[in-house]
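Enquirer: Provided herewith is a single structure, encoded as structure tokens, for subsequent inquiry.
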Amino acid sequence: MSRRAGFGTLPDGRAVEAITLEAGQTRVRLLSLGASIQSIVTPDRAGVQDDIVLGHDSLAGYLARRSFFGATIGRVANRIAGGRFCIDGQEHRLAQNEGTTTLHGGPEGFDLRLWAVDAVSDDSVTFSLTSPAGDQGFAGRVAARVTYRLVPRDRSVQLDIDYHATSDAPTPLGLTNHSFFALCGAKALRSRAATALDYHLQVPAARYLVVDDAKVPTGIATVAQTPFDFRSPRQPREAINAGALSGYDHCLCLDGGTTTLDDHISGRRLELETDQEGLQVYTGNVIAGGIAGKDGLSYRPHDAICLEPQSYPNAVNMPASFGARETILRPGVPYRAAIVLRFSTI
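1206 is the number that this note's numbering gives to position 41 of the sequence shown; each next residue is one higher, with no gaps.
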């Protein structure tokens, strides 16, 4: 079942749409602004429904500041060092928006764009966006598409996110979704501060990317005996305390399989599968105080956790020793990527 409604009007007069998909007891609300997930309402083990992602109740919240809540990230998720790279011997310089790096596509990434609603069915919606040549300094005209599909499964509900893109010139491309998951539910966030650090996270990754102060990878290392070892279920708070970290904003090198996030209090479980090689784990370390979220709640650091399947950060500039997959999209070879999210209880 799906429903369409308005979600306000941009300053230039263009209308933003909201599309709600329903399957079983789960509802997912999607916005054409940023092709983003605005809410995911799902039951806890007692059957009580609540919203499990951060976001805003109105368009004004999304326009007030760039938060990436639930958005489609592009052209390239994560960081490109120095805001520059070379393709076929030609240097390309990008707009920089985090010191000297280009983060999440630059100052005007895909998360800030109004996507077209191409198709809506009972269980899916497809958004599309055309990024012109020179956009944020990237070469090529890119035609991108993302499809969300919500379907019931045995004892769970599954949200499929499928990406497709083409370009008329070589350009790096790497899309992802930037949802902030608060499995405890929006109501519980009022009393459960820094909840994300108390979830139990399991990631099938034996290696992680070592980063410098700019969060640009400098090497690849084993997770053994480090705070990055989530091969067995582990609470981020425990791992942070063991490794003297203030929080996570690191890429784990996936070995395949299923990533699991559990909240033992509410009983909600999130399972994630993807065809991407990296998973950026971000514990909302710099969620600024005073961000007005849903129902008048001001979000705080560590209120939610992001699990962002993606190419390795700065892959376009990585030496071969990292073993990163090719991230250059070339004419005639479509880009495809997939994320599967399953919601259930334990």
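No residue lacks a Cβ here, since even glycine has one placed at the ideal position from N, Cα and C. Fair warning: this is a prediction, and the values are worked out from it, not measured in the lab.
#1: How big is the Cα-Cα spacing for L1374 and S1293?
#2: Starting from A1503, trace the beta strand (DSSP E) in both directions and tell me its first and last residue.
#3: Using 10 angstroms around the beta-carbon of R1318, count the other beta-carbons present and answer buried if the total reaches 16, otherwise exposed.
#4: Quick check on this structure: which residue in T1174, M1166, H1221 has the alpha carbon closest to the alpha carbon of S1463?
#5: Excluding the 5 residues flanking A1469 on each side, which residues of the same chain have their C-beta closer than 7 Å to its C-beta?
#6: Where DSSP assigns a beta bridge to G1384, which residues make up the other side?
#7: Verify whether the separation of the beta carbon atoms of D1215 and A1351 is less than 7 Å.
#8: Are the stretch 1367 to 1382 and the stretch 1476 to 1490 in contact at 8 Å, needing three or more beta carbon pairs?
#9: By the DSSP assignment, the beta strand (DSSP E) with A1180 in it spans what residues?
#10: Kindly indicate which three-state DSSP category V1368 falls into: helix, strand or coil?
#11: Can you tell me whether DSSP reads Q1441 as helix, strand or coil?
#12: Looking at the ligand MG, does it come within less than 6 Å of D1378, judged from the CB to the closest heavy atom?
#13: Can you tell me the Cα-Cα spacing of A1370 and D1440, whole angstroms?
#14: Check whether the stretch 1327 to 1336 and the stretch 1228 to 1235 touch, using three or more Cβ-Cβ pairs below 8 Å as the test.
#15: Taking the alpha-carbon positions, what's the G1271 to A1211 distance?
#16: Tell me the rounded alpha-carbon separation between V1206 and S1167.
#17: Could you spell out the range, first to last residue, of the alpha helix (DSSP H) harbouring Y1227?
#18: Check whether the Cβ atoms of V1311 and I1184 lie closer than 7 Å to each other.
#19: Assign E1491 to buried or exposed, taking buried as 16 or more other Cβ atoms, counted over all protein chains shown, within 10 Å of its Cβ.
#20: Taking just the CA atoms, how far does A1386 sit from Y1477?
#21: Do you know how far the Cα of A1281 is from the Cα of P1297?
#22: Just to confirm before moving on: does the CB-CB distance between Q1301 and L1259 stay below 7 Å?
#23: In three-state terms, what does DSSP make of D1327?
#24: Going by beta-carbon coordinates alone, are V1193 and L1224 separated by less than 7 Å?
#25: Based on Cα-Cα distance, which residue from Q1445, I1245, G1497, P1401 lies nearest to Q1475?
#26: Can the beta-carbon of P1335 be found less than 7 Å from the beta-carbon of V1241?
#27: Just how far apart, CA to CA, sit V1316 and E1438?
#28: Which residue or residues does DSSP assign as beta-bridge partners of E1273?
Expert: Inspection of the coordinates gives the following:
#1: 32 Å
#2: Its beta strand (DSSP E) spans residues 1500 to 1510.
#3: Around the C-beta of R1318, fewer than 16 other C-beta atoms lie within 10 Å, and the residue is accordingly described as exposed.
#4: H1221
#5: L1219, F1345, F1346, A1347, A1361, G1449
#6: V1375
#7: yes
#8: yes
#9: 1180 to 1188
#10: coil
#11: coil
#12: Of the ligands one can find in the structure shown there are none, so the ligand MG has no counterpart to examine.
#13: 14 Å
#14: no
#15: Taking the Cα positions, G1271 is about 43 Å away from A1211.
#16: 14 Å
#17: Per DSSP, the unbroken alpha helix (DSSP H) holding Y1227 starts and ends at 1224 to 1229.
#18: The Cβ atoms of V1311 and I1184 do not sit closer than 7 Å to each other.
#19: exposed
#20: 14 Å
#21: 15 Å
#22: For the pair Q1301 and L1259, the CB atoms are nearer than the 7 Å cut-off.
#23: strand
#24: no
#25: Q1445
#26: In this structure, P1335 sits away from V1241, with a CB-CB distance that is not shorter than 7 Å.
#27: 15 Å
#28: In the DSSP assignment, no residue is bridged to E1273.
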